[in-house]
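Protein chains in written order, with our numbering: chain A, 1 to 239; chain B, 240 to 478. Where is the CB? At the ideal position from N, CA and C, for every residue including glycine. Please read these numbers as outputs of a predicted model, since none were measured by experiment.
Number of protein chains: 2
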Amino acid sequence: MAKVNSSLVAHLPMFAGFSATDLDSILSEAHSLRVAKNNNVFEQGQDAHSFFVLLHGHVRASRTTPAGEQIVVRYVATGETFGVAAAMGLQHYPATVTAVDDSVVLAWPSGTWPRLVAQYPALATNTLQTVGARLQETHTRVVEMSTEQVERRIAHALLRLAKQSGRQVATGVEIDFPISRQDIAQMTGTTLHTVSRTLAAWEAKGLVEGSRQRIVLREPHKLFVLAEQGSDEPSPPGT
Amino acid sequence: MAKVNSSLVAHLPMFAGFSATDLDSILSEAHSLRVAKNNNVFEQGQDAHSFFVLLHGHVRASRTTPAGEQIVVRYVATGETFGVAAAMGLQHYPATVTAVDDSVVLAWPSGTWPRLVAQYPALATNTLQTVGARLQETHTRVVEMSTEQVERRIAHALLRLAKQSGRQVATGVEIDFPISRQDIAQMTGTTLHTVSRTLAAWEAKGLVEGSRQRIVLREPHKLFVLAEQGSDEPSPPGT
DNA sequence: CATCCTTATTGCTCCAGAACAAATTCCGAC
DNA sequence: GTCGGAATTTGTTCTGGAGCAATAAGGATG
Numbered sequence: 001m002a003k004v005n006s007s008l009v010a011h012l013p014m015f016a017g018f019s020a021t022d023l024d025s026i027l028s029e030a031h032s033l034r035v036a037k038n039n040n041v042f043e044q045g046q047d048a049h050s051f052f053v054l055l056h057g058h059v060r061a062s063r064t065t066p067a068g069e070q071i072v073v074r075y076v077a078t079g080e081t082f083g084v085a086a087a088m089g090l091q092h093y094p095a096t097v098t099a100v101d102d103s104v105v106l107a108w109p110s111g112t113w114p115r116l117v118a119q120y121p122a123l124a125t126n127t128l129q130t131v132g133a134r135l136q137e138t139h140t141r142v143v144e145m146s147t148e149q150v151e152r153r154i155a156h157a158l159l160r161l162a163k164q165s166g167r168q169v170a171t172g173v174e175i176d177f178p179i180s181r182q183d184i185a186q187m188t189g190t191t192l193h194t195v196s197r198t199l200a201a202w203e204a205k206g207l208v209e210g211s212r213q214r215i216v217l218r219e220p221h222k223l224f225v226l227a228e229q230g231s232d233e234p235s236p237p238g239t
Numbered sequence: 240m241a242k243v244n245s246s247l248v249a250h251l252p253m254f255a256g257f258s259a260t261d262l263d264s265i266l267s268e269a270h271s272l273r274v275a276k277n278n279n280v281f282e283q284g285q286d287a288h289s290f291f292v293l294l295h296g297h298v299r300a301s302r303t304t305p306a307g308e309q310i311v312v313r314y315v316a317t318g319e320t321f322g323v324a325a326a327m328g329l330q331h332y333p334a335t336v337t338a339v340d341d342s343v344v345l346a347w348p349s350g351t352w353p354r355l356v357a358q359y360p361a362l363a364t365n366t367l368q369t370v371g372a373r374l375q376e377t378h379t380r381v382v383e384m385s386t387e388q389v390e391r392r393i394a395h396a397l398l399r400l401a402k403q404s405g406r407q408v409a410t411g412v413e414i415d416f417p418i419s420r421q422d423i424a425q426m427t428g429t430t431l432h433t434v435s436r437t438l439a440a441w442e443a444k445g446l447v448e449g450s451r452q453r454i455v456l457r458e459p460h461k462l463f464v465l466a467e468q469g470s471d472e473p474s475p476p477g478t
């Protein structure tokens, strides 16, 4: 089994408050795994055999409806936990996780969770915080979908992606993994057509630049203003 | 301080796996509190001073956007936990919780959480499961909002409410607390106008009956079919 | 470098449902 | 029982963005 250096993961929220010895012990139960771009780490409905930490790369969690439509649940950045279905009491994975770039994950068999938690209770509280934060984000998304129109939702989604996985480049902040118009549509509850049109309009205004599977935010601040108040709205007086 | 009988809460998911002695010890840190209909238990943005279990009644959690629009995050039924912001690492409540009926809650100061968890680690794992389940529900809601049209979303929302807090009555299943068209609109991301029209149409078909703040599902099964496949769609062949 | 396939762009039509606008009904308070 | 505010219903108009239909532009493959 590949040996993982505890210093690589010591700073992750999942392992906050653990000594190097504890960490080594926890890591000894895990194995690391390469997942090539466009391959699934696991699939929706499968038995939740393992839980994971993403060491390198980017993966996407998505759900498929009975009718076959997909929506993107979230993108997972390096260092984040995913697939903790078993800890949440689920027998099966509620979503499919796919590598959007060549990625490396650390995997623990779900069976080890109860024992690890019994021995290191902080694992449970750390995970609770992570899951809690995700719940808040998802509520925010529900609020946005309920109250904002498409343009602002797309702006919010891009800003969030840039914050989570943005990379400074010459012309602005680039989203650091391949992402299609379709993906953005599935994150914002719209169609790839509308996303394409919206980005084209922004590109004409110099707010973003993009090409196939690539987006650079040239003017994050202007995008932020647009996300917060919409493109026309004559800034509320008295506020 | 009002004494709470441990047998009242022993069966709740929050306290699964606790002995009567443990329970008494945990309960000794809590106090119970009456909240009259239409009063808030706490408000969005306030310091997260306590966490709660609902002993009696019904409360609603809602979020307000900067622009002043409200959306309903969820309804809490008897026995459920709410306000566990502190356990999730939040300083402030992310939503406002309002009693929709005269209610009784059990409250623990947030400061007791770390100590309780240290002493009773199962509290953390139980809470993790609860929060995890809520995350899944919220994802389901996102999926619905992304892929279904209004009529089906309303049907799903009603069925969920009926499942959670339905009461058998002569003509069907009644939702066991006052809920307005506006509330349903805020749960499904639409307007009260559209909800009113939709319910009126269903009432004409005998699917539901309703009056001010009251809804009875007369034909839950038909509503279910509608929720799953829409009102027209000619049942997919070969499936 | 020719072919194929995936992704992206763009024009056009159409409609679900939002927005606006009144009425109307119900309930609690005095 | 009358008054006043909140909840609901219902009619009408309007539009954001979905749906449909091509076309174009990249990348990958052999």
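- B/ALA338 sits away from B/ALA287, with the two beta carbons spaced by 8 Å or more.
- Just so you know, the alpha carbons of A/ASP102 and A/GLN213 end up roughly 15 Å apart.
- Between A/ARG134 and B/LEU329, the C-beta gap is not smaller than 8 Å, which leaves the two residues out of contact.
- As a beta-bridge residue in DSSP terms, A/LEU54 pairs with A/VAL105.
- Burial check for B/HIS297: the Cβ neighbour count within 10 Å reaches 16 or more, so the residue is buried.
- Comparing alpha-carbon positions, the option among A/ALA170, A/LEU161 and A/GLY172 lying closest to A/SER180 turns out to be A/LEU161.
- Going by C-alpha positions, B/ASP422 is about 12 Å away from B/PHE416.
- Only THR65, PRO66, ALA67, GLU69, ILE71 and VAL73 from the region 64–82 of chain A bring a Cβ to less than 8 Å from some Cβ of chain B.
- The straight-line gap separating the alpha-carbon atoms of A/ALA30 and B/ILE454 is approximately 52 Å.
- For the region 355–378 of chain B, the beta-carbon criterion of a distance under 8 Å to any beta-carbon of chain A is satisfied by VAL356, ALA357, PRO360, ALA363, THR364, THR366, LEU367, GLN368, VAL370, GLY371, ALA372, ARG373, LEU374, GLN375, THR377 and HIS378.
- In the structure shown, A/THR112 adopts helical secondary structure according to DSSP, grouped into three states.
- Taken through DSSP and simplified to helix, strand or coil, A/LEU135 comes out as helix.
- Against chain A, a Cβ distance below 9 Å from B/ALA326 picks out THR125, LEU128, GLN129 and GLY132.
- Using a CB distance cut-off of 8 Å, B/THR386 counts as an interface residue toward chain A.
- The Cβ atoms of B/PHE290 and B/GLY322 lie closer than 8 Å to each other.
- In the three-state reduction of the DSSP assignment, B/GLN309 falls in the strand class.
- B/LEU345 sits close to B/VAL292, with the two beta carbons spaced by under 8 Å.
- When DSSP reads this structure, A/GLN168 sits in a beta bridge with A/VAL173.
- Taken through DSSP and simplified to helix, strand or coil, B/ILE418 comes out as coil.
- In the DSSP annotation of this structure, the continuous segment of the beta strand (DSSP E) that includes B/ALA300 starts and ends at 298–303.
- At the C-beta level, A/ALA61 and A/VAL97 come within 8 Å of one another.
- Contacts with chain B at 8 Å (Cβ-Cβ) do not include A/ARG153.
- The residues ILE414, ILE423, VAL447, ILE454, LEU456 and LEU462, in chain order, have a CB closer than 8 Å to that of B/LEU397 in the same chain once the five nearest residues on each side in sequence are set aside.
- Judged by DSSP secondary structure, A/HIS49 falls outside any beta strand (DSSP E); it is assigned neither H nor E.
- By the neighbour-count criterion, in which a residue is buried when 16 or more other Cβ atoms sit within 10 angstroms of its Cβ, B/GLY428 is buried.
- Listed by position along chain B, the residues whose Cβ is nearer than 9 Å to that of A/GLY210 form an empty set, because the closest Cβ is around 22 Å away.
- Put simply, the CB of B/ARG299 is far from chain A, with every gap to its CB atoms at 8 Å or more.
- Approximately 7 Å separates the beta-carbon atoms of B/PRO252 and B/GLN368; this is inside 8 Å, confirming the contact.
- Of the candidates A/TRP113, A/ILE154 and A/MET88, A/MET88 places its Cα closest to the Cα of B/GLU376.
- In the DSSP annotation of this structure, the continuous segment of the alpha helix (DSSP H) that includes B/HIS432 starts and ends at 431–443.
- Put simply, the CB of B/VAL382 is near chain A, with a gap under 8 Å to one of its CB atoms.
- In the three-state reduction of the DSSP assignment, B/ARG391 falls in the helix class.
- Not one beta carbon of chain A lies nearer than 8 Å to the beta carbon of B/PRO417.
- B/VAL336 is bridged by DSSP to B/PHE281 and B/ALA300.
- Only GLY428 from the region 423–452 of chain B bring a Cβ to less than 7 Å from some Cβ of chain A.
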